[in-house]
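Position one of the sequence shown corresponds to residue 1 (the numbering used here), numbered consecutively onward. The beta-carbon is built from N, C-alpha and C at its ideal position, and this holds for glycine as well. Written out below as structure tokens is the structure these notes cover.
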Amino acid sequence: MKYMVTGATGHLGTLVMDALLGMVDPKEIAVSVRTVEKAQSHLEKGVDVRQGDFDEPEMLVHTFKDIERLLIISTDGDNATRIRQHAHAIEAAKKAGVKFIVYTSVANADQSKLFLAEVHQKSEEAIINSGIDYTILRNNWYLENEVSSVQGVLAGAPWVTSAKDGKVGWALREDYALAAATVLVAREKHNNMIYELSGTLHTQDEISKEVGKVLGKTIEVLQVDDQTYEEIMLKAGVPESFMPLLLGIQEGFRNHELEVISNDFEKIIGRKPVPLETAVQHLVKMAQS
């Protein structure tokens, strides 16, 4: 058996590797990375480190050679780039004879109006149409994405949002990573399944209250419109190029695109995600480091 994790030096990929190394022999694991030098820690553990570039489809066929089970962690970038890169990876997997793909998608991907949903709609469709067995993990939202809000609070700023009462199924990356590694190893239990991986739903106000409990202070929540949100972020030093992304996220929250109730985490990892009260402690430590 040979498993492969793409993007294995990224935030999620590193945690997937931590989980996977606790489940199978390192000799059974390969990683695909753009820069081999960045994967030195994996190499030292006995993992097969291979160079893979999602913009070089022929290279990927070689990268995926002899791989039976492949975790494709969705890439970063604009929608067109991500769609193209994922298509390259899926086609290369088919040519290389990969038998099983696990893919990290987004909540309610087939119906969502979230700005990045198109990437996952087309990627899910490509995987299903490839004829390769699969499991699709529709990851809701990483709690760690809120670290900048906590850092702002630590600097004396209010918690700024335009999400209103929109709820999100935040969970720690560690839980999403454990789910991905578990499915990769336990294919037989999850073959050709689509899972909605969501934590308990919470609003921005509720998250900020939990952060306040950890910090021992009351946090002011500033609910604003998108224009004001953009102005505040720009004044705080956020690059203008980041604003479409941040505004798209706030819009998705506000429009309830991530309000997915699901117990699929329990079906895979045998428990609910780490409770918000505990997870927020991790978030605050991240912001303070």
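1. Mark serine 162 as exposed unless 16 or more other C-beta atoms lie within 10 angstroms of its C-beta, in which case mark it buried.
2. Let me know if glutamine 288 comes out buried or exposed under the rule of 16 or more other beta-carbons within 10 Å of its beta-carbon.
3. Among Leu197, Gly13 and Glu144, which residue has its Cα nearest to the Cα of glycine 169?
4. How big is the Cα-Cα spacing for glycine 10 and serine 74?
5. Beta-carbon within less than 8 Å of glutamate 118's beta-carbon, same chain only, minus the 5 sequence neighbours each way: which residues are those?
6. Quick check: the stretch 13-21 against the stretch 179-187, are at least 3 beta-carbon pairs closer than 8 Å?
7. What would DSSP say about glutamine 256, mapped onto helix, strand or coil?
8. Decide if threonine 63 is buried, meaning its Cβ has at least 16 other Cβ atoms within 10 Å, or exposed.
9. Find out if the Cβ-Cβ distance for the pair valine 31, methionine 4 is shorter than 8 Å.
10. With respect to the alpha helix (DSSP H) encompassing asparagine 79, which residues constitute its N-terminal and C-terminal limits?
11. In the stretch 106-142, which residue ranges form an unbroken alpha helix (DSSP H) of at least 4 residues, counting only runs that do not cross its ends?
12. Throw me the rounded Cβ distance for the arginine 187 and tyrosine 142 pair, which I believe falls under 8 Å.
13. With distances taken from CA atoms, which of Phe242, Leu184, Ser149 and Met59 is nearest isoleucine 219?
14. Where does aspartate 165 land, buried or exposed, given buried means 16+ other C-beta within 10 angstroms?
15. Answer yes if the stretch 241-258 comes into contact with the stretch 104-116, meaning at least three C-beta pairs across the two stretches below 8 Å, and no otherwise.
16. Given this structure, state the Cα-to-Cα distance separating threonine 14 from valine 224, to the nearest angstrom.
17. Suppose you measure from the CA of arginine 34 to the CA of lysine 217; what does that come to, to the nearest Å?
18. Check the C-beta distance from valine 36 over to glutamine 51 and give it rounded, since I have them as a contact under 8 Å.
Based on what the coordinates show:
1. When all chains shown are included, serine 162 counts as buried.
2. The C-beta of glutamine 288 has fewer than 16 other C-beta atoms within 10 Å across all chains shown, which makes the residue exposed.
3. Closest by alpha carbon: Leu197.
4. Going from the Cα of glycine 10 to the Cα of serine 74 covers about 11 Å.
5. Once the five neighbours on either side are set aside, the close Cβ partners of glutamate 118 are Asn79 and Ile83.
6. Yes, the stretch 179-187 touches the stretch 13-21.
7. The sequence as given places histidine at residue 256; glutamine does not occur at that position. In the displayed model, histidine 256 falls within coil according to three-state DSSP, outside both helix and strand.
8. The residue is buried, with at least 16 neighbouring Cβ atoms inside 10 Å.
9. Against a cut-off of 8 Å, the Cβ pair of methionine 4 and valine 31 comes out as a contact.
10. Here the alpha helix (DSSP H) through asparagine 79 covers 79-96.
11. Listed in chain order, they are 117-130.
12. Taking a contact as a CB-CB distance under 8 Å, the pair arginine 187 and tyrosine 142 does not count as one, their CB atoms being some 25 Å apart.
13. Taking only the C-alpha atoms, the option nearest isoleucine 219 is Ser149.
14. Aspartate 165 is exposed by the Cβ-count criterion.
15. Look at the beta carbons and you see the stretch 104-116 touching the stretch 241-258: at least three pairs across the two are nearer than 8 Å.
16. When rounded, the distance between both Cα atoms is 36 Å.
17. Straight-line spacing of the CA atoms in arginine 34 and lysine 217 works out to 43 Å.
18. Valine 36 to glutamine 51, Cβ: 5 Å. Contact.
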